[in-house]
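Trainee:
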Amino acid sequence: MKKKVWFVTGASKGLGLSLVKRLINEGHRVAATSRSIAELTKEVKADASVFLPLQVDILKESSVAKSIADAVAHFGNIDVIVNNAGYGLVGGLEELSDKEARANFDVNVFGSLNVIRQALPHLRKQRSGHVFNVSSIGGFTGAFPGFGIYCATKFAVNGFSESLSAEVKPFGVNVTIVSPGYFRTSFLTAASLNVPEKEIEEYRNVREAQSAHQHSYNGNQPGDPEKAAAVLIEVAESKEPPLHLFLGQDAYDLAEQQIAGIQKEMSLFKATATATGFSK
Ligand SMILES: NC(=O)c1ccc[n+]([C@@H]2O[C@H](COP(=O)([O-])OP(=O)(O)OC[C@H]3O[C@@H](n4cnc5c(N)ncnc54)[C@H](OP(=O)(O)O)[C@@H]3O)[C@@H](O)[C@H]2O)c1
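The numbers in numbering that gives the first Met the number 0 rise by one with no breaks, and the one at position 162 of the sequence shown is 161.
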């Protein structure tokens, strides 16, 4: 099987790092981005023939453009894009400032859009490729107190990824929305999980969710990032890759609950909600 060239964002830790290491071990070639090339090269030791570490600010389109150009110049082409960089934000909608909310959108949504905009000319020209957009089960169900903005960023990822899939199918490019449940990475550590600058005391349910994630869930997540990395590589080799890829039993359970809940509501209100057309 021909080994591919991958471009992975946010690769100095967590899912991105596990994926990069596994790809290199399996003989693929990888361009990996990080805000800190020092952190990345501390974690990944590999020959330049298979590994290109890139210091990139995904919020700056010029920085992203240079990284894509560097990857193409180094390896000759790019086959698979993984928009993995992202961070969690836990706080009530009333608590989080406009700045805090927009910052989460900038990284989780607009950062990925910068990569897509810069990478697609290459994939479109070569008439092949695969874009993985790492969303979350929180991009499919938002029923968690304290995760409104984070979920909104991931719902946005799901929305544009579905459109992207339809747009680039004619060019032979596949799109997969990766929706993980809880995976044991740095995601819930203080360095990654952001909290509101101004908390409002009355939001007890939000503080409970925040504390549970920071203390009980962190380190006890059921998902193994090594296995997630293996699944992504397997899916990239698949002839008909899925658009929606829920990762982990917890993500599967929550997705099934969400689908069943919506179906139930739809059938209960079908007669009322569909009686909205003009009468002839
Ligand atoms: N772990 C989970 O339970 C879980 C569940 C659902 C979805 N996800 C999603 O999975 C992806 C990977 O997360 P992870 O679990 O691997 O978390 P992680 O260990 O905290 O790693 C996140 C990566 O994203 C990058 N990143 C974080 N904040 C950033 C910022 N402000 N600007 C640019 N890049 C930033 C970092 O890249 P550098 O430091 O190298 O620049 C880092 O390597 C994220 O999109 C996350 O939303 C994770």
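Cβ atoms here follow ideal geometry from the backbone N, Cα and C, with glycine treated the same way. Model, not experiment: these values are computed from the prediction.
Kindly examine ligand 1 and report whether one of its heavy atoms sits closer than 8 Å to the Cβ of A155.
Mentor: no
Trainee: Report yes if the C-beta of I80 is less than 8 Å from at least one heavy atom of ligand 1; otherwise report no.
Mentor: no
Trainee: Return the first residue and the last residue of the beta strand (DSSP E) that L267 is part of.
Mentor: Careful: L267 lies outside any beta strand (DSSP E), inside the alpha helix (DSSP H) at 248-267.
Trainee: With C-beta atoms as the reference, is V177 less than 9 Å away from L119?
Mentor: For V177 and L119, no; Cβs fall outside 9 Å.
Trainee: Would the beta-carbon of S133 be found less than 8 Å away from any heavy atom of ligand 1?
Mentor: This sequence places Val at residue 133; Ser is not what is there. Indeed, a heavy atom of ligand 1 lies less than 8 Å from the Cβ.
Trainee: According to DSSP, is Q213 part of a helix, a strand, or is it coil?
Mentor: helix
Trainee: Exposed or buried, which one is N107 when buried takes at least 16 other CB atoms within 10 Å?
Mentor: buried
Trainee: Going by beta carbon distance, what residues of the same chain come within less than 6 Å of S62, once the five residues before and after it are set aside?
Mentor: V55, D56
Trainee: Check whether the stretch 159-174 touches the stretch 121-128, taking contact to mean three or more Cβ pairs, one atom from each stretch, closer than 8 Å.
Mentor: yes
Trainee: For A10 and A31, I'd like the C-alpha separation in whole angstroms.
Mentor: 6 Å
Trainee: Please determine whether the Cβ atom of N219 lies at a distance below 8 Å from any heavy atom of ligand 1.
Mentor: no
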